[in-house]
Amino acid sequence: MFWSTGYTMGTTAVNGSPTPLVGSGTTLQSTLPQLNAITLAFATGDCGTENWAGVSAAAFADANIAGLDAANYDYIVSAGGAAGSFTCSSAAGMRTFIDRYASSNLIGVDFDIERGQSEADIRNLVTAVAAVQSSYPNLRFSFTVATLGASDGSYGGVNSTGDTVIKTVLASGIRNYTINLMVMDYGPASASVCVMGGSVCDMGLSAVQAVTNLRHTYPTVPLTQIELTPMIALNDISDEVFTLQDIDEMTAYAVQNKLAGLHYWSLDRDVPCGQTALSNTCNSTPPIPALAYTKRFLTALGRL
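The opening residue of the sequence shown carries number 22 in my numbering; numbering runs sequentially from there.
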């Protein structure tokens, strides 16, 4: 089980004020030890010269990696995202990128491809991963793409960018890959984009449907190499809300079908606030207390 977070420079505000994830004193690791892995997001730019929301790669790594490793806290490094892109056209650049964040607790590298990269950009990135994979036999390389969860029989799922990513990965020879579906932000509710629950998308069932659609279109991708990432609470689409009950539904399916992993966006959003508009720093659903989503995932997985 993995989690995504926008956490930078070793802290999260999920408890209402900046709290170290690991280290001495009161940390999230000490108060919720069952949460033992995170995703650091997002590196953008070109491999080897990437940055983290304007923070240099070297500064970000120096502030975080040694501490995570010393605390024996597993982490994934994610590049790309909705607000930026990540490119890499050489094996040397990919090695530089991975090695900057490497430690015994680096368990994966994720490429979140949302910015409409060209086919050449995608091909170069995947080729670079394939070229270095033998040097990192214990790393999992995940490719995160947007998806629909159409339930009208069309099997509508990933868009053209996602289609290019999946086909390129399947043709690349990358062995330890996963396809990570962003089960969120489907658009105006209809059976052409999601599973309906009354007049809105049922977010838990839609996540399950997204897996069905992926397997229908790309049958050579096994369930054991598919991951899911919902956006907890309020999504960008105002009538899409991923609830605590949706966690139960999605997690039960993931466990039963041995999916590769579950993530969520994001740890920093797992905190209440007074607003009902979308926020990157709170869940925008005021009655839900801090860490409720995190704890529900852990409970559904039998860890809490």
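C-beta: ideal position from N, C-alpha, C; glycine also.
(message) My output table needs one value for Leu325: the three-state DSSP class, helix, strand or coil.
(response) coil
(request) Determine which residues share a DSSP beta bridge with Gly218 and list them. (result) Val221
(message) Restricting to runs no shorter than 3 residues, where is the beta strand (DSSP E) found entirely within the segment 63 to 110?
(response) 95 to 101
(request) Consult DSSP for Asp206 and reduce its assignment to one of helix, strand or coil. (result) coil
(request) With a threshold of 16 other CB atoms inside 10 Å of the CB of His284, please say whether the residue is buried or exposed. (result) buried
(message) Taking 8 Å as the threshold (C-beta atoms), are Gln50 and Tyr96 in contact?
(response) no
(request) Return the bridge partner residues of Glu140 from the DSSP annotation. (result) According to DSSP, which records beta bridges pairwise, Glu140 is partnered with nothing at all.
(request) Evaluate Thr241 with the Cβ neighbour count: other Cβ atoms within 10 Å of its Cβ, from every protein chain shown; 16 or more gives buried, anything less gives exposed. (result) exposed
(request) Please state if the CB of Gly114 and the CB of Ala149 are separated by a distance shorter than 8 Å. (result) yes
(request) Give the secondary structure of Ala273 by DSSP, where H, G and I count as helix, E and B as strand, and everything else as coil. (result) helix
(request) To the nearest angstrom, report how far apart Asp67 and Gln277 are at their CA atoms. (result) 39 Å
(message) Tell me the DSSP secondary structure of Gly194 in three-state form.
(response) coil
(request) Return the CA-CA distance between Ile128 and Arg161, expressed in angstroms with no decimal places. (result) 7 Å
(request) Please report how far the alpha carbon of Cys109 lies from the alpha carbon of Tyr239, in whole angstroms. (result) 25 Å
(message) Tell me the DSSP secondary structure of Leu56 in three-state form.
(response) coil
(request) Can you tell me the Cβ-Cβ gap for Thr168 and Val179, rounded? I've got them flagged as a contact below 8 Å. (result) 5 Å
(request) Assign Leu202 to one of two classes, buried (16 or more other C-beta atoms within 10 Å of its C-beta) or exposed (fewer than that). (result) buried
(request) Please name the residue, chosen from Gln55, Val204, Glu71, Val229, that lies closest to Ala254 on a Cα-to-Cα basis. (result) Val204
(message) By the DSSP assignment, the beta strand (DSSP E) with Gly114 in it spans what residues?
(response) Run containing Gly114: none in the beta strand (DSSP E); it sits in the alpha helix (DSSP H), 112 to 121.
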